[in-house]
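All remarks here apply to the structure that follows.
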Amino acid sequence: MTIKESWLLPEGIDELMPEEAAQLETMHRSLVDLMRSWGYQLVVPPLVEYLDSLLTGTAKTLDIQTFKLTDQLSGRMLGIRADMTPQVARVAAHKLRHQSDVLRLCYIGSVLRTLPQGMGGSRNPIQLGAEIYGHTGPESDIESIELMVKLLSVGGISTLALDIGHVGIYRGLAEYAALNSEQEHALFSALQRKASAEIDDLLIQFSLPKKADEMLRELAELNGDMSTLDRASEVLSHAPDSVKSALDTLKIIAKTLTKQLPDIAINFDLAELRGYDYHTGVVFAAYKPDSSEAIALGGRYDDIGEEFGHGQPATGFSLDIKKLITQLPRTLQQTETIGVIWSDDISQQEYVETLRKSGRVVIYQFPDAEISTTHTLVKSDGHWQVTETGTQNRG
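1 is the number of the first residue of the sequence shown in our numbering; add one for each residue after it.
Following this line, the structure appears as structure tokens:
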């Protein structure tokens, strides 16, 4: 390996330079403080866990994304977390299950994935999320969406669009049509890609009853603003009660969000089946208007924690805070720094300590080493003063 090659990071592994790292720390504090002001308690799960615990229940879908290693103490297999959400669900079900009927938890930390999510995606994002456990109604889904939007706003994303769906609609229609597992997943794949010709071919092959065929054929077209939900009520009028209940939930969410988030463009996509094997109800995503890649994802995943002995309803979202940082403009104002020539003068050291305690940045200039600072600490008439670099006697 050449010296130049030794500088290279693995593909999909990235790092933050000082300016971005400073922004990250500032944003980290702001976002966590915001979540706590909404009643969310911060938890910090471990970076690694025993593999059989880390990939329990719905987290089995993360197996291919999880780096694995052997624990030298126990000989058991460990996994490096690829997603913090299942870990937080374990904490909620196992350690905090008796704290309250409705539990709100938030988290932030690094995760590591074997493969990037999307073209050019990071394999080491910094995941931030918030979850509500113990509530089944649309109110908790609405709170999750509103908090997600607020966090993105604080994170510098002032203009965004929401995409909202409900996996229960397709699941209910598949059951109504008596699709077998192979048929259900084949049609699922075609619906996700909005592949109309393929959807038509599959439905012809399935030879379904007329009503079931018509409703599944129309599902891919049920995509748009609030009027989509009214059209869906007509198209899916013969659907089972579970589908109608899912539509009612979306209507409640639509009505509330239109009032609470009047400046946000909201799209309802009833064929949006992201996380179909994981989510059980409402699913939602936030996008920047000029991008097809979601910047935050969430949804309902009821019965989470069942593998840990306490199944409960849950809803929440997560996002990559590092992605937010890298999208911010690099036009920050220069931080004020105070330079001081190194000496063993006790009065100087005491004044420097006072400045640092007040939040100002003071950098010592070592002998024979130049530094560039906006201000300088000088002694004038027996008193220490901070002056602009190149000027005298200005505090």
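Just so it is clear, CB atoms sit at the ideal spot from N, CA and C, and this is done for glycine as well.
*Whole-angstrom distance between residue 328 and residue 20, CA atom to CA atom*: 9 Å
_So if DSSP puts residue 300 in a beta bridge, which residue, or which two residues, is it bridged to?_
315
*asked:* Within a Cβ cutoff of 7 Å, which residues of the same chain sit near residue 242, ignoring the five residues on either side of it in sequence?
replied: 168 and 172
*With a 10 Å radius around its C-beta and 16 neighbouring C-beta atoms as the bar for buried, classify residue 388 as buried or exposed.*
exposed
*Give a yes or no on whether the C-beta atoms belonging to residue 81 and residue 54 are separated by under 8 Å.*
yes
*asked:* Using only the alpha-carbon positions, how far apart do residue 391 and residue 362 sit?
replied: Note that residue 391 scores 48 on pLDDT, short of 50, meaning its location in the model is unreliable; the coordinates nonetheless yield the value given after this. For residue 391 and residue 362, the distance between alpha carbons rounds to 17 Å.
*Does the distance from the CB of residue 45 to the CB of residue 87 come in under 8 Å?*
yes
*Hey, quick one: how far does the alpha helix (DSSP H) through residue 23 stretch, first residue to last?*
18 to 37
_Please report the distance separating the alpha-carbon of residue 133 from that of residue 120._
33 Å
*asked:* In whole angstroms, give me the CA-to-CA distance for residue 312 and residue 326.
replied: 36 Å
_Completely contained beta strand (DSSP E) runs for the segment 109 to 176, where each covers 3 or more residues_ = 126 to 133 and 161 to 166
*Measure the beta-carbon distance from residue 177 to residue 202 and round it to whole angstroms, keeping in mind my assumption that it falls under 8 Å.*
Rounded, the Cβ-Cβ distance is 11 Å, inconsistent with contact.
*State the Cα-Cα distance for the pair residue 170 and residue 234, rounded to the nearest angstrom.*
16 Å
*Could you say if the segment 100 to 108 and the segment 34 to 51 meet the contact criterion of at least three C-beta pairs nearer than 8 Å?*
yes
*Using 10 angstroms around the beta-carbon of residue 383, count the other beta-carbons present and answer buried if the total reaches 16, otherwise exposed.*
exposed
*Under 8 Å, do residue 215 and residue 254 count as touching if we go by C-beta distance?*
no
*Pairwise C-alpha distance: residue 51 and residue 402*: The chain is shown only over 1 to 395; residue 402 falls outside these bounds and no answer can be derived.
*Can you find a heavy atom of the ligand FMN that lies under 7 Å from the Cβ of residue 43?*
With respect to small molecules bound, the structure shown includes none, and the ligand FMN cannot be examined in it.
*Chain-order list of residues whose beta-carbon lies under 7 Å from that of residue 251 (same chain, five-residue window excluded)*: 229
*Please confirm whether residue 285 and residue 271 have their CB atoms less than 8 Å apart.*
no
*asked:* Assess contact between the segment 124 to 131 and the segment 316 to 324, defined as three or more Cβ pairs (one per stretch) separated by less than 8 Å. Is contact present?
replied: yes
*In this structure, does DSSP put residue 74 in helix, strand or coil?*
coil
*How many angstroms separate the CA atom of residue 71 from the CA atom of residue 232?*
52 Å
*Unbroken stretches of the alpha helix (DSSP H), 4 residues or longer, contained in the segment 218 to 273*: 227 to 235 and 241 to 260
*asked:* In whole angstroms, give me the CA-to-CA distance for residue 158 and residue 147.
replied: 14 Å
*Apply the 10 Å Cβ neighbour rule to residue 291 and answer buried if 16 or more other Cβ atoms are within range, or exposed otherwise.*
exposed
*Pull up the distance between the alpha-carbon of residue 314 and that of residue 303, whole angstroms please.*
7 Å
*Among residues of its own chain, excluding the 5 on either side of residue 267, which ones have a beta-carbon nearer than 6 Å to its beta-carbon?*
163
*Helix, strand or coil: how does DSSP classify residue 104 here?*
strand
*Just tell me which of 335, 89 and 366 has its CA closest to the CA of residue 344.*
366
_Close beta carbons around residue 144, own chain, < 6 Å, minus the five adjacent residues each side_ = 298, 315, 316 and 317
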